[in-house]
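Undergrad:
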Amino acid sequence: METSRVLEAADMKRGESDVSARPVDLGEAYDTYAAPLYRYLLTLLGSEEDAEDALQEVFLAVGRTGLQHIRDVRPYLFQTARRQAISALRKRRRRAREPEVAAQLSWIDIEACPVEDRALAIDLGRALQSLPPDQREVIVLHLSEGFTFREIASLCGIPGNTAASRYRLALAKLRDVLKGDAS
Amino acid sequence: MTDRRLHDMEVEDLERLLRGLPRRAPSAELRRRVLAAGAVTRRPLAQARPALAAAVLVALVALDALVVNLQDRQLARALPAPPAAMVAVASVPDPNLAWLRELGLPNESVAVVALTRQAVTRDTYLSLRDSLLANGSGG
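Here's what the structure looks like:
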């Protein structure tokens, strides 16, 4: 209960003001949203190649339809990215290809970490990628991209409480994985 | 074996750590590729506008003709059609219809469309018919 209150308070503080201005062209839309979308896709897909392809599809869709008619651009783009990721995962399943589980395939930029933190970042990245996709998803959205649980719930089509509890479960599991590796 | 700093980390510390780590971004090469692909598939409104305007215009003319046709169907059946030769040389009654020629329609079509547009009301239609007949070519 206590954790839930803390999480809700964090939601109030962070996400609500995180509404960006509407980009006017494809280049501006890309520069504003490509990085968070890429991290999201990378975390969901666990493959650089698939994440790049999916990101390209998202922006091709933007190029075709424009963003003028979209009220909230960020949720719209993440929704589009999510559909692309689901489609890519289905195709992969059809090809019976296993997702790659590598530390470099989380959202963490290991190369940019100070040398003394790289081992730690690699461990964290590997532990993150060992989580089930739905848990990885809430972690990347909340911790890396600053989504509120309400926004996550809306994006994933789940109740707000489920988003928050899924996040808590994911963090607990992450901690267990890291502990388990230690023993 | 993981980094020992992670062994007994509390959840809150883990959150803080994950938030603070540098985050990846797509490469400049991917940006170039995506924007190049986007430029090929995109049809900016400015490019699409002339084609769209022409299509809308033609659709409006067709709709106009249809409405006239429905309104004056009986009248049109009763009227002798103007001879083709006259239609071909008939001056366009409405000078504003110059845009029809600009669409590349043949003169005859311009005259017919002009006739149809003028026939929006029964009186105008009859007046035009009389005018055509009075010039000696109708019937």
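Chains as they are written, first to last, in my numbering: chain A, 5 to 187; chain B, 67 to 205.
Where a beta carbon is used, it is the ideal one built from N, C-alpha and C, also for glycine.
Given the structure is predicted, the values throughout are model-derived calculations rather than measurements.
1. Taking a contact to mean a Cβ-Cβ separation below 8 Å, would you say residue 54 of chain A touches residue 85 of chain A in this structure?
2. Count the CB pairs spanning the stretch 122–130 of chain A and the stretch 49–67 of chain A that are closer than 8 Å, and state whether there are at least three.
3. Is the stretch 140–160 of chain A touching the stretch 61–72 of chain A, taking contact as three or more C-beta pairs under 8 Å?
4. Please list the partners that residue 56 of chain A has in chain B, where partner means a Cβ-to-Cβ separation under 9 Å.
5. Please state whether DSSP places residue 86 of chain A in a helix, a strand or coil.
6. Kindly indicate the opening and closing residues of the alpha helix (DSSP H) around residue 160 of chain A.
7. Per DSSP, residue 89 of chain B forms a beta bridge with which residues?
8. Smallest Cα separation from residue 44 of chain A: which of A:110, A:76, A:36?
9. Going by the beta-carbon positions, is the gap between residue 80 of chain B and residue 31 of chain A smaller than 8 Å?
10. Of all the residues that make up the stretch 157–178 of chain A, which are near chain B by a beta-carbon distance shorter than 9 Å?
11. By the 10 Å Cβ neighbour count, where 16 or more other Cβ atoms means buried, how is residue 51 of chain A classified, buried or exposed?
12. What residues in the stretch 77–92 of chain A bring their beta carbon closer than 9 Å to a beta carbon of chain B?
13. So what does DSSP say about residue 164 of chain A, is it helix, strand or coil?
14. Counting only Cβ pairs nearer than 8 Å, list the residues of chain B close to residue 46 of chain A.
15. Specify the secondary structure class of residue 136 of chain A as computed by DSSP and reduced to three states.
16. Run through DSSP, which three-state label would residue 146 of chain A get?
17. Thinking just about the alpha-carbon of each residue, which of A:37, A:35, A:82 is nearest to the one in residue 155 of chain A?
18. Between A:78, A:177, A:122, A:173, which lies nearest to residue 150 of chain A when the distance is taken from Cα to Cα?
TA: Let's see:
1. Counting from one through the first sequence, the residue named residue 54 of chain A turns up at place 50. Counting from one through the first sequence, the residue named residue 85 of chain A turns up at place 81. No. Outside cutoff.
2. no
3. no
4. Within the first sequence, the letter at position 52 stands for residue 56 of chain A. In chain order: 92, 93, 96, 99, 100.
5. For the purposes of this step, residue 86 of chain A is identified with residue 82 of the first sequence, where counting begins at 1. It is helical.
6. Along the first sequence, read from residue 1 onward, the residue named residue 160 of chain A stands at position 156. Unbroken alpha helix (DSSP H) run through residue 160 of chain A: 153–160.
7. Walking along the second sequence from the start, residue 89 of chain B turns up at place 23. Residue 89 of chain B pairs with A:112.
8. Residue numbering aside, residue 44 of chain A sits at position 40 when the first sequence is read from its first letter. Nearest C-alpha to residue 44 of chain A: A:110.
9. Along the second sequence, one-based indexing puts residue 80 of chain B at 14. Along the first sequence, one-based indexing puts residue 31 of chain A at 27. No.
10. 172, 175, 176, 178
11. The residue you call residue 51 of chain A lines up with position 47 of the first sequence. Residue 51 of chain A comes out buried.
12. none
13. Here residue 164 of chain A corresponds to residue number 160 of the first sequence, with the count starting at 1. Residue state, collapsed to three classes: helix.
14. As a first step, residue 46 of chain A is located in the first sequence; it is residue number 42 there, counting from the start. In chain order: 90.
15. The residue labelled residue 136 of chain A in the question sits at position 132 within the first sequence. Three-state result, residue 136 of chain A: coil.
16. Here residue 146 of chain A corresponds to residue number 142 of the first sequence, with the count starting at 1. In the structure shown, residue 146 of chain A sits in a helix (DSSP, three-state: H, G or I).
17. As a first step, residue 155 of chain A is located in the first sequence; it is residue number 151 there, counting from the start. Selected option, being the one with the closest Cα: A:82.
18. Residue mapping note: residue 150 of chain A aligns to position 146 of the first sequence, counting from 1. Of the candidates A:78, A:177, A:122, A:173, the one whose C-alpha sits nearest the C-alpha of residue 150 of chain A is A:78.
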